[in-house]
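Number of protein chains: 2
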Amino acid sequence: MSAGRPREFDTNAAIDKALEVFKQKGYEGASLPDLTSAMGISRPSLYAAFGNKEELFQKALERYNQKMSESIGEVLNAPTARAAVEQLLLNVIDNNKCKGAKGCLNVQAALVCGDNAEGVKQELSSRRARIEWMLRQRFERALAEGDLPAGTSAADLACLIATVMYGMAVQVNGGIAPDTLRGMVNMTVAAIPQHASQKKSA
Amino acid sequence: MSAGRPREFDTNAAIDKALEVFKQKGYEGASLPDLTSAMGISRPSLYAAFGNKEELFQKALERYNQKMSESIGEVLNAPTARAAVEQLLLNVIDNNKCKGAKGCLNVQAALVCGDNAEGVKQELSSRRARIEWMLRQRFERALAEGDLPAGTSAADLACLIATVMYGMAVQVNGGIAPDTLRGMVNMTVAAIPQHASQKKSA
DNA sequence: TACTTTCTGTACCAATAAGTACATAAATAT
DNA sequence: ATATTTATGTACTTATTGGTACAGAAAGTA
């Protein structure tokens, strides 16, 4: 181990605590006292370990998106686009059932902000775009495999699913019981184009 | 006219200016200097005329939702649920084509916030619920009229359309070109249940 | 004209924001 | 044991936040 007094807290655990605060209050709404008290460390320790508030946020954001990408990547391995989307949206429901901050960091951390946080806002927008791109890739594959009917726009479908996901983040953030979203998830899944032969009657 | 020096600015015009700022930067992100400079009035004038920042916001919010309700109410007069939804979502696109702050005040003004703004956040949530309720009412009527197939859940459908609307707010706020949303609006409209006899082939 | 009422602008206040200086504590390296 | 390196906690600084006191200006009323 390198010389010097060892850090008394676990860096990743601290980041996870910070992530919760950012998710709950947003980037700007999370004050330094909010963060330090949740992380259980003093202000100078935070600065020593993470640089500053924005760098801390970026690290939390990176961690969040790493888990997110991994989870989505797994889900998109489902055999059909339809099954993948269903699991994707049901996961959103599940992830918001456990106690803790509700919603999606990529959506709500800085949807709007003061001038100082414009950079953060843009970063979030690009993170969302990345996820939308994953969806699109999956749908293009489905199209190539004949899983989705020819003529379907992978881009439009990806946009729809992403849009529904963002909307779900707003809904759960607003306090809706996650399970209440089940029905609308089913309708969304049903909206995915399929070949006439696959359609089941109501 | 009542005695005393007359106000040198138009109250409603000032509120509209404030509304733009709140839409762009959110309730907390909009600083007093941001507001006063946009409104073209001094800080004490703002306080004299509107009370304080939160009251000003509430007035802006009320104005926004008044226009919103009116517009949605009109759109929902369309003969079918499907036509109503289509126009509703196309209006979202149109409203974000003109320059100015993008998105929806009810969604982004305080999706997350510091402790002081919890009240505002809740108010926004209830404003959204009110709009969702309008949708639901319309769908229940459609159900009663046989416009929507029996067995359709008006609540779930209202939830879906509202969720898509919120998601669209996130999308346009993130900088997407409004027209890019056209395709996904079409898919959303196509997702509205209809009788088998009405379905047109792809 | 004098008086009252209300608005406007400068200049301020207390509270809080993010960020840091510095002395001290705790570890490793020699 | 001593020196070195790094972490910690108290206490501070500067900038900005929302909010206000107060003097002066502009109107109506008598």
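If you read the sequences in order, they're chains S and Y.
One point on numbering: in numbering that gives the first Met the number 0, the residue at position 60 of the first sequence is 59, and numbering is uninterrupted.
One point on numbering: in numbering that gives the first Met the number 0, the residue at position 44 of the second sequence is 43, and numbering is uninterrupted.
Just so you know, even glycine gets a beta-carbon here, dropped at the ideal spot from N, CA and C.
Counted within 10 angstroms of its Cβ, other Cβ atoms place residue i as buried (16 or more) or exposed
{"i": "Pro5 (chain Y)", "result": "exposed"}
{"i": "Asn95 (chain S)", "result": "buried"}
{"i": "Ala153 (chain S)", "result": "buried"}
{"i": "Gln107 (chain Y)", "result": "buried"}
{"i": "Asn76 (chain S)", "result": "exposed"}
{"i": "Ser124 (chain S)", "result": "buried"}
{"i": "Ala17 (chain Y)", "result": "buried"}
{"i": "Val188 (chain S)", "result": "buried"}
{"i": "Ala141 (chain S)", "result": "buried"}
{"i": "Lys101 (chain Y)", "result": "buried"}
{"i": "Ala47 (chain S)", "result": "exposed"}
{"i": "Glu73 (chain S)", "result": "exposed"}
{"i": "Glu69 (chain Y)", "result": "exposed"}
Short Cβ contact (9 Å threshold) for residue i with residue j
{"i": "Ser30 (chain S)", "j": "Gly113 (chain Y)", "result": "yes"}
{"i": "Gly182 (chain Y)", "j": "Ala128 (chain S)", "result": "no"}
{"i": "Ala116 (chain Y)", "j": "Glu27 (chain Y)", "result": "yes"}
{"i": "Asn105 (chain S)", "j": "Met67 (chain S)", "result": "yes"}
{"i": "Met186 (chain Y)", "j": "Leu156 (chain S)", "result": "yes"}
{"i": "Ala80 (chain Y)", "j": "Leu147 (chain Y)", "result": "yes"}
{"i": "Asn64 (chain S)", "j": "Arg135 (chain S)", "result": "no"}
{"i": "Lys98 (chain S)", "j": "Ala109 (chain S)", "result": "no"}
Coarse secondary structure for residue i, derived from DSSP in three states
{"i": "Pro177 (chain S)", "result": "helix"}
{"i": "Thr10 (chain Y)", "result": "helix"}
{"i": "Asn185 (chain S)", "result": "helix"}
{"i": "Ile40 (chain S)", "result": "coil"}
{"i": "Arg127 (chain Y)", "result": "helix"}
{"i": "Ala83 (chain S)", "result": "helix"}
{"i": "Val111 (chain Y)", "result": "coil"}
{"i": "Ile92 (chain Y)", "result": "helix"}
{"i": "Asn172 (chain S)", "result": "helix"}
{"i": "Asp146 (chain Y)", "result": "coil"}
{"i": "Gln193 (chain S)", "result": "coil"}
{"i": "Pro32 (chain S)", "result": "helix"}
{"i": "Asn105 (chain S)", "result": "helix"}
{"i": "Leu60 (chain Y)", "result": "helix"}
{"i": "Thr162 (chain Y)", "result": "helix"}
{"i": "Arg4 (chain S)", "result": "coil"}
{"i": "Leu75 (chain S)", "result": "coil"}
{"i": "Lys98 (chain Y)", "result": "coil"}
{"i": "Gly25 (chain Y)", "result": "helix"}
{"i": "Ser152 (chain S)", "result": "coil"}
{"i": "Gly50 (chain S)", "result": "coil"}
Cα-Cα separation, residue i to residue j
{"i": "Val171 (chain Y)", "j": "Ala195 (chain S)", "result": "34 Å"}
{"i": "Ser200 (chain Y)", "j": "Ile191 (chain Y)", "result": "Caution is warranted here: a pLDDT of 46 is assigned to Ser200 (chain Y), below 50, making its placement in the model unreliable, and the coordinate value is therefore given only provisionally. Their Cα atoms are separated by approximately 15 Å."}
{"i": "Glu53 (chain S)", "j": "Gln23 (chain S)", "result": "16 Å"}
{"i": "Glu7 (chain Y)", "j": "Val111 (chain Y)", "result": "36 Å"}
{"i": "Pro177 (chain S)", "j": "Gln197 (chain Y)", "result": "33 Å"}
{"i": "Ala82 (chain Y)", "j": "Gln193 (chain Y)", "result": "12 Å"}
{"i": "Glu85 (chain Y)", "j": "Ile14 (chain S)", "result": "43 Å"}
{"i": "Tyr165 (chain Y)", "j": "Thr162 (chain S)", "result": "8 Å"}
{"i": "Ile160 (chain Y)", "j": "Glu19 (chain Y)", "result": "25 Å"}
{"i": "Leu180 (chain S)", "j": "Ala168 (chain S)", "result": "11 Å"}
{"i": "Leu88 (chain Y)", "j": "Leu55 (chain S)", "result": "38 Å"}
{"i": "Glu144 (chain Y)", "j": "Asn51 (chain Y)", "result": "48 Å"}
{"i": "Asp9 (chain S)", "j": "Glu139 (chain S)", "result": "42 Å"}
{"i": "Lys58 (chain S)", "j": "Glu131 (chain S)", "result": "21 Å"}
{"i": "Ile175 (chain Y)", "j": "Ile71 (chain Y)", "result": "23 Å"}
{"i": "Arg137 (chain Y)", "j": "Pro78 (chain Y)", "result": "10 Å"}
{"i": "Leu25 (chain Y)", "j": "Thr151 (chain S)", "result": "It is Gly, not Leu, that sits at residue 25 (chain Y) in the sequence shown. So the two alpha carbons sit approximately 37 Å from each other."}
{"i": "Cys158 (chain S)", "j": "Val184 (chain Y)", "result": "10 Å"}
{"i": "Arg42 (chain S)", "j": "Phe49 (chain S)", "result": "11 Å"}
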